[in-house]
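Undergrad: Shown below is the structure under consideration.
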Amino acid sequence: METEILEQQAMNKIYNSGEPDELKKENIKMEESVADRFSLVPSILGRHGEDLVLERPFLSNDFSYLIVKDTPWQWHFLKFFNNTYGMVLPIDYIIEYGSTYKNSKENGVLHFRKEHEYILEYRKASIEEFFSQMKELEEVFLLLEDFKTEYNQIFREYKEDAIYMYQDGYVWKLSGYNRNDITEYFDMYLLLMSLRPLVEEIYNDNNHLKFLYLVSKNNIDYLYKGIDLKKKSLISLPESLQKTLDVVTISLDNKLYNEVVDLDYSIAKRKRGDKKVEELPITIVHKDKWFFDGNLSLGLFGNYLRGELFEFPSILSSTELSEPEKKELIKKVVIEKKQESLEKKNYLNNQFLTLFFRNRMESYRTLFDQERWIEFLKLENFPLEELSISKVKEFFLEKLNLIQTIPKEELWEREEWKEFCSYLDLSALKAKIIPLYLTITPLFMVVEYAIFGHKENFIFTEEYEILKWN
-4 METEILEQQA
6 MNKIYNSGEP
16 DELKKENIKM
26 EESVADRFSL
36 VPSILGRHGE
46 DLVLERPFLS
56 NDFSYLIVKD
66 TPWQWHFLKF
76 FNNTYGMVLP
86 IDYIIEYGST
96 YKNSKENGVL
106 HFRKEHEYIL
116 EYRKASIEEF
126 FSQMKELEEV
136 FLLLEDFKTE
146 YNQIFREYKE
156 DAIYMYQDGY
166 VWKLSGYNRN
176 DITEYFDMYL
186 LLMSLRPLVE
196 EIYNDNNHLK
206 FLYLVSKNNI
216 DYLYKGIDLK
226 KKSLISLPES
236 LQKTLDVVTI
246 SLDNKLYNEV
256 VDLDYSIAKR
266 KRGDKKVEEL
276 PITIVHKDKW
286 FFDGNLSLGL
296 FGNYLRGELF
306 EFPSILSSTE
316 LSEPEKKELI
326 KKVVIEKKQE
336 SLEKKNYLNN
346 QFLTLFFRNR
356 MESYRTLFDQ
366 ERWIEFLKLE
376 NFPLEELSIS
386 KVKEFFLEKL
396 NLIQTIPKEE
406 LWEREEWKEF
416 CSYLDLSALK
426 AKIIPLYLTI
436 TPLFMVVEYA
446 IFGHKENFIF
456 TEEYEILKWN
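Just so we're aligned, residue -4 is where the sequence shown starts under my numbering, counting upward by one.
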């Protein structure tokens, strides 16, 4: 029998055209009926390998603003260590976000500028390592400052070198400042002194904020009197400055401050996550299993660089076809799936979004923060005068509630759904999806991916309807 005829009959068999199977004398047949066509799914998932440990990716830094209500006073709000620690910096400094892209939990750097450039560095270290380093520095540079705060922050400053601070297992180094510029000099110290643990990613130590504000406001006047306010205690300073209390101080006392989105950083961070995937040709690999290598994109469900080919007996078990012929035939199947998936991209994305939000409705308020939904929102599209974190959250969840009231069969054509999707950055959301495994069978595909540290499995039918597999 000619190879072309064999190929045509094999392809007909795959797509259930009713053609007789001449490829094997034993006449292998698919055992599934329409009713139990997914009976293979458990065994397919069992072939997906051992469970992976899926930790939440480490978020090295984040940036927003702290704005005191009804006043012009505001700070840059810097978050480090998976957003568990926060710092504040006066708003007139410009932060270079790109300098932090390679930061890790072990070490990192932040560049910012005003008249010139400043460098803030950190590294993980023991207290013994810190004192050993300070001892070595004292052999080279003159020690200018040596004190400890009530938050157990240990400070050392060396002439013509830098300010060092040790806190909670990290050494921080700040360089680039000028001691002759008193305002700038205090800004550097107060940046380091502002390092505080966050509660649910929120800087809510209003007593400490008040301390930072009072020092920055009054430091020059008191230096003329020979008093260094940064060395005052958190309690004694406000008491000694009762006469200087103003509307900002009162607002801080009453926690009247908001965290507001740094829109420039939000856009820059999303664009950084939108990585272009290199296009790879489809190739077929046969070892103990049959695989394809290359790119098969399933929209928001992930971009798969490898997938298993399972239950194609008319091709893979054929005694008539050679190995190269089998590979060429099964390659055509994968390429066809790839083209279909590309044509169905919007359809797949709509299904993903519907499933994603519907499956989270019971605890969506908590998950908005836990899963950091704000990182895949197009905040520039929000019709809000103030992009505070709280207002963004309430606005978005209100829109989410609205689309849940629309019948499923009408949803994707409604203006409410289109408006809702206009607030989503699909590339930023897709960047949070880790493709794990893909299996292609003649009747369906099984997809496994991880999102926010959890694995999810879905079945793609021949019509590209998506079914969640629990």
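The beta-carbon is built from N, C-alpha and C at its ideal position, and this holds for glycine as well.
1) Judging by CA-CA distance, which residue of R355, K326, D283 and V387 is the nearest neighbour of D257?
2) Using the three-state DSSP reduction, which class does S59 fall into: helix, strand or coil?
3) Which runs of the alpha helix (DSSP H) spanning at least 4 residues fall entirely within the segment 91 to 135, listed in chain order?
4) To the nearest angstrom, how far is it from the Cα of Y172 to the Cα of K250?
5) Apart from the five residues on each side of it in sequence, which residues of its chain come closer than 7 angstroms, Cβ to Cβ, to F181?
6) Which residue's Cα is closest to the Cα of D223: N199, I177, Y252 and D259?
7) Compare the C-alpha of V328 against each of W285, I454 and E123 and name the closest.
8) Out of curiosity, what's the CA-to-CA distance linking I384 and F58?
9) For the beta strand (DSSP E) holding D288, just list the boundary residues, first then last.
10) Can you tell me where the beta strand (DSSP E) holding V243 begins and where it ends?
11) Note down the Cα distance separating G302 from K321, rounded to an integer number of angstroms.
12) Note down the Cα distance separating W407 from L392, rounded to an integer number of angstroms.
13) Please report the distance separating the alpha-carbon of Y208 from that of T244.
14) Thinking C-alpha only, which one of N344, K119 and A423 is nearest K373?
15) Alpha carbon to alpha carbon, how far is L337 from L293?
16) May I ask you to report which of helix, strand or coil DSSP gives A445?
17) For G93 and I277, I'd like the C-alpha separation in whole angstroms.
18) Under three-state DSSP, which class holds E140?
19) Keeping to the same chain, check which residues put their C-beta closer than 6 angstroms to that of L462; ignore five residues upstream and five downstream.
20) When DSSP labels each residue in this structure, what does L258 get in the three-state scheme?
21) So what does L169 bridge to, in DSSP terms?
22) Taking 8 angstroms as the threshold, find out whether the segment 130 to 137 comes into contact with the segment 104 to 112 through three or more Cβ pairs.
23) Any idea what DSSP makes of P430, helix, strand or coil?
24) Rounded to the nearest angstrom, what separates P319 and N344 at their Cα positions?
25) Quick check on this structure: which residue in I149, N147, G164 and L139 has the alpha carbon closest to the alpha carbon of E155?
26) Report the option in K332, E196 and L190 whose CA atom is closest to the CA atom of L204.
27) Rounded to the nearest angstrom, how far is the Cβ of F305 from that of T434, given a contact under 8 angstroms?
28) Rounded to whole angstroms, how far is the Cβ of F76 from the Cβ of Y198, which I believe are closer than 8 angstroms?
29) Is the distance from the Cβ of K64 to the Cβ of S246 below 8 angstroms?
30) Suppose you measure from the CA of F33 to the CA of E414; what does that come to, to the nearest Å?
31) Note down, in chain order, each residue of its chain lying with its Cβ closer than 8 angstroms to the Cβ of E451, except the 5 sequence neighbours on either side.
32) Does any residue of chain C have a CB that is nearer than 8 angstroms to the CB of F150?
33) Measure the alpha-carbon distance for D241 versus N201 and round it to whole angstroms.
34) Using 8 angstroms for Cβ pairs, my map puts R275 next to N290. What's the rounded Cβ distance?
35) What ranges does the alpha helix (DSSP H) occupy inside the segment 285 to 340, keeping only unbroken runs of at least 4 residues that lie completely in it?
36) Mapping the DSSP letters down to three states, classify Y88 as helix, strand or coil.
TA: On the basis of the supplied data:
1) V387
2) strand
3) 122 to 133
4) 31 angstroms
5) V210, S211, N214 and K225
6) I177
7) W285
8) 12 angstroms
9) W285 to S292
10) Careful: V243 lies outside any beta strand (DSSP E), inside the alpha helix (DSSP H) at V242 to D248.
11) 16 angstroms
12) 18 angstroms
13) 8 angstroms
14) A423
15) 7 angstroms
16) strand
17) 35 angstroms
18) strand
19) I454
20) helix
21) L115 and I158
22) no
23) strand
24) 35 angstroms
25) L139
26) L190
27) 5 angstroms
28) With 8 angstroms as the limit, F76 and Y198 do not qualify as a contact, their Cβ atoms being about 14 angstroms apart.
29) yes
30) 36 angstroms
31) E443, Y444, A445 and K463
32) The structure shown contains no chain C, having only a single protein chain.
33) 15 angstroms
34) Just to set this straight, residue 275 is Leu in the shown sequence, not Arg. About 5 angstroms; that satisfies the 8 angstroms criterion.
35) 308 to 311 and 318 to 338
36) coil
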